[in-house]
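Protein chains in written order, with our numbering: chain A, 1 to 268; chain B, 1001 to 1268.
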């Protein structure tokens, strides 16, 4: 897998991904259920933030979850065992060169994976080769460029831009969500359909203020503070002002918007 | 009504608003239907781009559509007559000082109006005074800051910023959509609920490429070309590069996203 995982592998980051999955699970995954008996590849499962939801929503499917990181796989495995799910097998593998038989999966699922790859088109080609004809691929990605909020703040946008820039330097693309359609189409999938999933937060949706604005999005941006400052992308005062402005959007008169993109394609 | 109407009153602009309503009508209005016998105020009907849809979706309601511009009202009236709708009455009035009886309307509807006002909070207070207790207000606004697209383009964002800046200079706010919730809440409406309505365009949605990306959004930005250049906000080459980049997003691998916000509140 090319491209360093920009979010890092720290416990706090792992918690953030869990908070994200807990808050977003319905929005992102409730319409994904694979049939009993189908063999499903979860490409880039990471610490298993999506794996438990995936396995629970498709209890009869046999899920093979791969990741390049043994530590992440161990954590994902623990999570799946704690949830008493029996339909997931973990395999350490590079999704560009996994040693599975060609055309051996009914479905492929990849959530928050392409954003970390320098060559997302090649990744889709590699995953397509593993799919049986008639099989489907499901891709979910966020897009930091979809973020807007009230009160608006240049400093907040500068802080978000740090994450985007660091991810770019690691070979990834934090604004890849808008490209899910063209990427799937260019990879030769048919019947490509993409649906945007906006998380919209105002004070009538208090569970999202904490669950998304604060503990998912703002926590993610806060997580790159030292790296961004050390890299000379921003100074500490500006970054901290941006974080304060993001927290400000979580107050009673604040609003926060972020959009994920979920794409589905078929291999003919 | 404070604030000059930044889009202007030209025939081409009027066509754009119709294209917009034709394309967006379902997305924005399909869940708005007022009961038979109810008296509904449409505040700021303009050339009637929404009035026909509004009247058609609520055939038993008596709609009073007001605007400050006699020319716009005449055009709106012609449109409603052409559609053979009988349930709309047009009244020339300033929504800040309309001479209707207090608490005489069951519902208020305002679409793409607050964005043009320097004092949107006062407008909501004035409209609230016209509502019967138990009545509702429906507010729909766009937000230019919600715009993103693929391929991304700094020039396109600069061209869009011209529209935002001109609207600001006219006393309006082209990014007011995100504020629908806090504005309604601050005006003292209860049970405020806001739902974002994203127009998402990729090449699988070809009717929207023409109907929204080109003829609604890009046409709107193109419409401020001379004004923006004459005001010294941008030079012609940069603006034209931005417009080309917006048209580029309408090609096969392009994607375009824009979000409207629809809010509903009740007067207790």
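Glycine included, C-beta positions come from ideal geometry on N, C-alpha and C.
Note that this is a predicted model, so its numbers are computed, not measured.
Spatial neighbours of residue i in its chain, beta-carbon cut-off 7 Å, leaving aside the 5 residues before and after
i	result
residue 177 of chain A	141, 142, 143, 146, 259, 260 and 261
residue 268 of chain A	133 and 190
residue 213 of chain A	201, 249, 250 and 256
residue 120 of chain A	114, 176 and 183
residue 1123 of chain B	1095, 1096, 1114 and 1117
residue 181 of chain A	192, 194 and 263
residue 131 of chain A	103, 105, 108, 137 and 267
residue 236 of chain A	229
residue 91 of chain A	64 and 66
residue 1077 of chain B	1090
residue 154 of chain A	none
residue 31 of chain A	none
Reference residue i; option with closest CA among the options
i	options	result
residue 981 of chain B	B:1029, B:1038 and B:1224	Chain B is shown only over 1001 to 1268; residue 981 of chain B falls outside these bounds and no answer can be derived.
residue 196 of chain A	B:1175, B:1076 and B:1148	B:1148
residue 66 of chain A	A:88, A:101, A:155 and A:174	A:88
residue 1064 of chain B	B:1074, B:1039 and B:1053	B:1039
residue 45 of chain A	A:93, A:33 and A:84	A:93
residue 1116 of chain B	B:1172, B:1107 and B:1082	B:1172
residue 1099 of chain B	B:1126, B:1108 and B:1076	B:1126
residue 1226 of chain B	B:1051, B:1166, B:1035 and B:1155	B:1166
residue 185 of chain A	A:266, A:153 and A:80	A:266
residue 79 of chain A	A:59, A:71, A:47 and A:139	A:47
residue 1060 of chain B	B:1037, B:1136, B:1076 and B:1071	B:1037
residue 1157 of chain B	B:1239, B:1253 and B:1252	B:1239
residue 350 of chain A	A:34, A:68 and A:69	It is not possible to answer for residue 350 of chain A, since the shown part of chain A is limited to 1 through 268.
residue 1112 of chain B	B:1042, B:1073 and B:1205	B:1042
residue 1138 of chain B	B:1203, B:1084, B:1077 and B:1110	B:1110
residue 62 of chain A	A:68, A:51 and A:69	A:51
residue 210 of chain A	A:188, A:237 and A:252	A:252
residue 151 of chain A	B:1076, B:1179, B:1152 and B:1155	B:1179
residue 254 of chain A	A:83, A:208 and A:169	A:208
residue 188 of chain A	A:154, A:135, A:217 and A:153	A:135
residue 231 of chain A	A:154, A:68 and A:169	A:169
residue 1174 of chain B	B:1206, B:1154, B:1217 and B:1155	B:1217
Close-in-space but distant-in-sequence residues of the same chain around residue i (CB under 6 Å, 5 per side omitted)
i	result
residue 280 of chain A	Missing from the structure shown is residue 280 of chain A; chain A here goes from 1 to 268 and no further.
residue 53 of chain A	25 and 29
residue 74 of chain A	none
residue 204 of chain A	none
residue 1055 of chain B	1063, 1085, 1087 and 1088
residue 1027 of chain B	1197
residue 1199 of chain B	1212 and 1258
Cut-off 8 Å between Cβ atoms - residues of its own chain near residue i, not counting five sequence neighbours on either side
i	result
residue 221 of chain A	159, 160, 162, 163, 242, 243 and 246
residue 1129 of chain B	1102 and 1103
Helix, strand or coil at residue i [DSSP, three-state]
i	result
residue 1132 of chain B	strand
residue 206 of chain A	helix
residue 1043 of chain B	strand
residue 1122 of chain B	helix
residue 1026 of chain B	helix
residue 138 of chain A	strand
residue 1260 of chain B	strand
residue 1037 of chain B	coil
residue 1249 of chain B	coil
residue 1232 of chain B	coil
residue 1242 of chain B	helix
residue 1266 of chain B	strand
residue 3 of chain A	Note that residue 3 of chain A has pLDDT 39, beneath the 50 cutoff, so the model's placement of it is unreliable and the number below is only indicative. Looking at residue 3 of chain A - three-state DSSP - the assignment turns out to be coil, as it is neither helix nor strand.
residue 255 of chain A	strand
residue 32 of chain A	coil
Near the ligand PLP: residue i beta-carbon under 7 Å from a heavy atom
i	result
residue 1094 of chain B	With respect to the ligand PLP, the structure offers nothing, as it holds no ligand at all.
C-beta neighbour in chain D for residue i, strict 8 Å
i	result
residue 1192 of chain B	Judged by its chain identifiers, the structure shown contains no chain D, and its protein chains are A and B.
Completely contained beta strand (DSSP E) runs for the segment 1045-1118 of chain B, where each covers 3 or more residues = 1062-1067, 1088-1092 and 1105-1111
ask   = In the segment 1170-1189 of chain B, which residues sit with their C-beta less than 8 Å from some C-beta in chain A, listed in chain order?
value = 1175, 1178, 1179, 1181, 1182, 1185 and 1186
inquiry  = For the segment 253-264 of chain A, list every residue whose C-beta sits within 8 Å of some C-beta in chain B, in sequence order.
reply    = 253, 254, 255, 257 and 259
inquiry  = Give the list of continuous beta strand (DSSP E) stretches no shorter than 3 residues that lie fully inside the segment 141-223 of chain A.
reply    = Within the segment 141-223 of chain A, the complete beta strand (DSSP E) runs of at least 3 residues are 190-201.
request  = Residues of the segment 1119-1153 of chain B with a CB closer than 8 Å to any CB of chain A: list them in chain order, please.
outcome  = 1143, 1145, 1146, 1148, 1149, 1150 and 1152
ask   = If you measure beta-carbon to beta-carbon, which residues of the segment 1194-1211 of chain B are closer than 9 Å to chain A?
value = 1194, 1195, 1196, 1198, 1200, 1202, 1203 and 1204
Where the segment 1047-1064 of chain B meets chain A: residues whose CB sits under 8 Å from a CB there = Within the segment 1047-1064 of chain B, no residue has a Cβ that lies closer than 8 Å to any Cβ of chain A.
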